[in-house]
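Colleague: Submitted below is the structure of interest, expressed as structure tokens.
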Amino acid sequence: MSDQPQPQQAERRNFYGRVHGKTLRASQKDYLAQDLEPLRLKGVTPAENPARQPLDLSFTRGRPLWLEVGFGGGEHLVHMAALYPQAFLIGAEPFVNGIAMLLGKIRAAGVTNLALHPGDVRDLFDVLPAACLEKVFLNYPDPWPKARHHRRRFVTPGYLQLLARAMRPGAEFRVATDIPDYVRQTHEEVPPAGFTLIAEGGPGDHWPDWISTRYEQKALREGRQPHYLTFRRG
Ligand SMILES: C[S@@+](CC[C@H](N)C(=O)[O-])C[C@H]1O[C@@H](n2cnc3c(N)ncnc32)[C@H](O)[C@@H]1O
4 MSDQPQPQQA ERRNFYGRVH GKTLRASQKD YLAQDLEPLR LKGVTPAENP
54 ARQPLDLSFT RGRPLWLEVG FGGGEHLVHM AALYPQAFLI GAEPFVNGIA
104 MLLGKIRAAG VTNLALHPGD VRDLFDVLPA ACLEKVFLNY PDPWPKARHH
154 RRRFVTPGYL QLLARAMRPG AEFRVATDIP DYVRQTHEEV PPAGFTLIAE
204 GGPGDHWPDW ISTRYEQKAL REGRQPHYLT FRRG
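For the sequence shown, the working numbering gives the first residue as 4, with consecutive numbering after it.
Encoded structure:
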């Protein structure tokens with residue numbers, strides 16, 4: 004795997020998740036209209052950066068850069084930004100209703116140490132400089148339960164190679180899931196991509212700074228068990 008920023012051309016990719024959900028409330032439309040653009044990372048999409056030039060990360064002002072993949076309603080992202088003002092966080096999420104929820108939470112919390120990519124995280128990986136990420140959170144990734152859809156999961160080489168390139172050696176990768184078969188695939192696929200498993204636990208064994216997410220709450224209501232895995236980038 005090269006340490007250089009890789010693709011010089013935008014790659015065409017399929018995204019299988021939802022982008023739109025329920026009708027947005029008026030307040031959520033306001034958040035999107037007023038707050039998204041100032042927080043949106045520029046130069047990430049192939050349309051804005053067709054040559055896939057690496058992003059200038061000077062906006063972090065030297066703070067360690069953390070990423071949350073698929074932040075959903077944004078509770079974990081805002082919680083971490085508030086808890087760690089010395090870090091700078093990026094959240095990637097294509098689901099517009101989730102982005103609107105996050106923007107409401109950002110307003111309420113008043114945090115300023117974060118930026119968003121309102122789209123597929125793979126477009127962000129393409130333009131992140133190599134080894135720039137110090138911590139990455141993957142909370143309750145889409146489970147894709149049918150066997151023929153397992154290749155759409157985040158814990159597959161297509162995603163993991165991009166992730167590994169963007170993470171600094173020694174950086175931490177956290178995965179939370181409620182799907183036993185996702186745990187299996189995470190064990191199988193993440194280490195060969197350049198990571199070592201350093202901790203793992205079941206219900207209640209979460210990270211000390213964890214906040215339960217919307218999806219975790221739903222999983223618990225429906226009787227599924229959380230599972231938490233921590234990897235170190237080699
Ligand atoms: C099951 S939800 C979990 C949301 C949130 N992390 C939580 O725990 O409540 C998975 C989220 O990942 C997002 N997602 C899926 N594929 C993605 C991708 N390629 N890039 C960024 N986000 C993605 C989905 O839009 C969805 O909101």
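Don't be surprised by glycine CBs; every beta carbon is placed ideally from N, CA and C.
These numbers come from a predicted model, not from an experiment.
#1: Would you report the Cα separation of threonine 189 and glycine 65, rounded to the nearest angstrom?
#2: Measure the Cβ-Cβ separation of valine 191 and leucine 232 and say whether it is below 7 Å.
#3: Quick check on the DSSP output: the beta strand (DSSP E) that includes valine 139 runs from which residue to which?
#4: Could you tell me whether the stretch 114-122 touches the stretch 85-94, where touching means 3 or more Cβ pairs closer than 8 Å?
#5: So for threonine 180, helix, strand or coil by DSSP?
#6: From arginine 171 to leucine 136, what distance separates their C-alpha atoms?
#7: Suppose you measure from the CA of aspartate 6 to the CA of proline 132; what does that come to, to the nearest Å?
#8: On the premise that phenylalanine 128 lies in contact with glutamine 166, defined as a C-beta separation below 8 Å, what is that separation, rounded to the nearest angstrom?
#9: Indicate whether the contact test is met: 3 or more Cβ pairs, each with one atom in the stretch 52-65 and one in the stretch 31-42, closer than 8 Å.
#10: If you count every other CB in all the chains shown that lies within 10 Å of the CB of aspartate 208, and 16 or more means buried, which is it?
#11: Tell me leucine 117's beta-bridge partners as DSSP assigns them.
#12: At 3 residues or longer, and completely inside the stretch 23-110: list those beta strand (DSSP E) runs for me, N to C.
#13: Just to confirm the assignment, what range does the alpha helix (DSSP H) spanning alanine 202 have?
#14: If you count every other CB in all the chains shown that lies within 10 Å of the CB of phenylalanine 176, and 16 or more means buried, which is it?
#15: Under 6 Å: does the beta carbon of threonine 189 sit that close to some heavy atom of ligand 1?
#16: With DSSP run on the structure shown, which of helix, strand or coil describes glutamate 175?
#17: In angstroms with no decimal places, state the Cα-to-Cα distance between methionine 4 and tryptophan 69.
#18: Can you find the residues in the same chain that come closer than 7 Å, C-beta to C-beta, to serine 215, ignoring five residues on each side of it along the sequence?
#19: Say yes only if the C-beta of alanine 196 is nearer than 6 Å to one or more non-hydrogen atoms of ligand 1, and no if none qualify.
#20: Tell me whether phenylalanine 98, by its Cβ, gets closer than 6 Å to a heavy atom of ligand 1.
#21: How far does the beta strand (DSSP E) with arginine 235 in it extend, from its first residue to its last?
#22: Using the beta-carbon count (16 or more within 10 Å), is histidine 23 buried or exposed?
#23: State the Cα-Cα distance for the pair valine 158 and proline 194, rounded to the nearest angstrom.
Modeller: Reading from the atomic positions:
#1: 31 Å
#2: The sequence shown places glutamate at residue 191, rather than the valine named in the question. For glutamate 191 and leucine 232, no; Cβs fall outside 7 Å.
#3: 136-142
#4: yes
#5: strand
#6: 6 Å
#7: Because aspartate 6 sits at a pLDDT of 48, beneath the cut-off of 50, its placement in the model cannot be relied upon, and the following sentence gives the value as read from the coordinates. Cα-Cα distance, rounded: 9 Å.
#8: Checking the sequence, you will find leucine at residue 166 rather than glutamine. Right, the Cβ-Cβ distance comes to about 7 Å (below 8 Å), so this counts as a contact.
#9: no
#10: exposed
#11: Leu92
#12: 68-72, 91-95
#13: Taken as a continuous stretch (DSSP letters only), alanine 202 belongs to no alpha helix (DSSP H), being part of the beta strand (DSSP E) at 198-204.
#14: buried
#15: no
#16: strand
#17: Low confidence applies here, because methionine 4 scores a pLDDT of 44, under 50, leaving its location unreliable and the question unanswered by this model.
#18: none
#19: no
#20: yes
#21: 230-236
#22: exposed
#23: 10 Å
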